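Residue numbering for the sequence shown follows this note's numbering, starting at 3 and increasing by one per position. Have a look at the structure below, then the notes.
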Amino acid sequence: MSTAIVTGASKGLGRALSEGLARRGWSLIVDGRDTALLELARGRLWKLIPPGSHVLAIQGDVTDPEHRRALAGAAHALGGLDLLVCNAGVLGPSPLPSLADFSVAALRELFEVYPVAALGLIQEVLPLLRAASDGGRVALISSDAAVEGYPGWGGYGAAKAAQDQLARVLAAEEPTLTVWAVDPGDMRTDMHQAAFPGEDISDRPLPEAVVPRMIELFESRQPSGRIRLADIAEPPS
3 MSTAIVTGAS
13 KGLGRALSEG
23 LARRGWSLIV
33 DGRDTALLEL
43 ARGRLWKLIP
53 PGSHVLAIQG
63 DVTDPEHRRA
73 LAGAAHALGG
83 LDLLVCNAGV
93 LGPSPLPSLA
103 DFSVAALREL
113 FEVYPVAALG
123 LIQEVLPLLR
133 AASDGGRVAL
143 ISSDAAVEGY
153 PGWGGYGAAK
163 AAQDQLARVL
173 AAEEPTLTVW
183 AVDPGDMRTD
193 MHQAAFPGED
203 ISDRPLPEAV
213 VPRMIELFES
223 RQPSGRIRLA
233 DIAEPPS
């Protein structure tokens, strides 16, 4: 039985991914900032997991060191950790401002949520990942904004690019781990809608559409690196 931590699991990609992993028999530790949404997500996961698997839902913010310690403690309680998915995130100001008008305080918040919180959580669970029988895996959810120069996406993109660099260096420093920066592509989520207020984003796929390829990756022997899910073939149903 494998165990994963998925942050930001109360809605969007995190919720869809957690449900996909539950169907595969993974035990899950999930979090979210909204208590009501997290409780709904926890209830759905309990209905999906097979006997013998577990779900622990912990309300909190990944920028809080105590919350990160609580997530690591839950993994200890379940006997180990095989996969960490750093998915929790924020967009920053909406509508998206140019860098000339970007608040330094908003930029600081983005870096706290992405590279700072990701590294803090990785440090908390690293002993468990090193001890994983099949090799610990880390997935930092990335974006094409981390590698492309889109107007308005400077703050968000810079924070995601810093997180991508964490993935590269962690992979070099921890060769027994598999570390991915995963770009899922555009999706129809609340965050993506906030980036385009008033626009119709119904042409974007729902998060559920990318989950099979994510799970295919997480259960594969794909080496560390930056992964575009669009480049992974859809697994057979």
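C-beta: ideal position from N, C-alpha, C; glycine also. This structure is a prediction, so every number in the text was calculated from the model and none was measured.
Check, Outcome
"In the DSSP assignment, find the beta strand (DSSP E) that holds residue 31 and state where it starts and stops.", "29-34"
"Kindly indicate which three-state DSSP category residue 227 falls into: helix, strand or coil?", "strand"
"Find the nearest neighbour of residue 6 within the set 57, 49, 168 and 99, judged by alpha-carbon distance.", "57"
"Measuring straight from C-alpha to C-alpha, what distance separates residue 27 and residue 102?", "48 Å"
"May I ask you to report which of helix, strand or coil DSSP gives residue 185?", "strand"
"Helix, strand or coil: which one does DSSP assign to residue 219?", "helix"
"Buried or exposed for residue 150, please, with buried defined as at least 16 other CB atoms from any protein chain shown within 10 angstroms of its CB.", "exposed"
"Is the distance from the Cβ of residue 123 to the Cβ of residue 70 below 7 Å?", "yes"
"As an exercise, report each continuous alpha helix (DSSP H) stretch of at least 4 residues that is fully enclosed by the stretch 37-104, in chain order.", "37-50 and 67-79"
"Can you tell me where the alpha helix (DSSP H) with residue 132 in it begins and where it stops?", "119-133"
"Around the Cβ of residue 152, are there at least 16 other Cβ atoms within 10 angstroms (buried) or fewer (exposed)?", "exposed"
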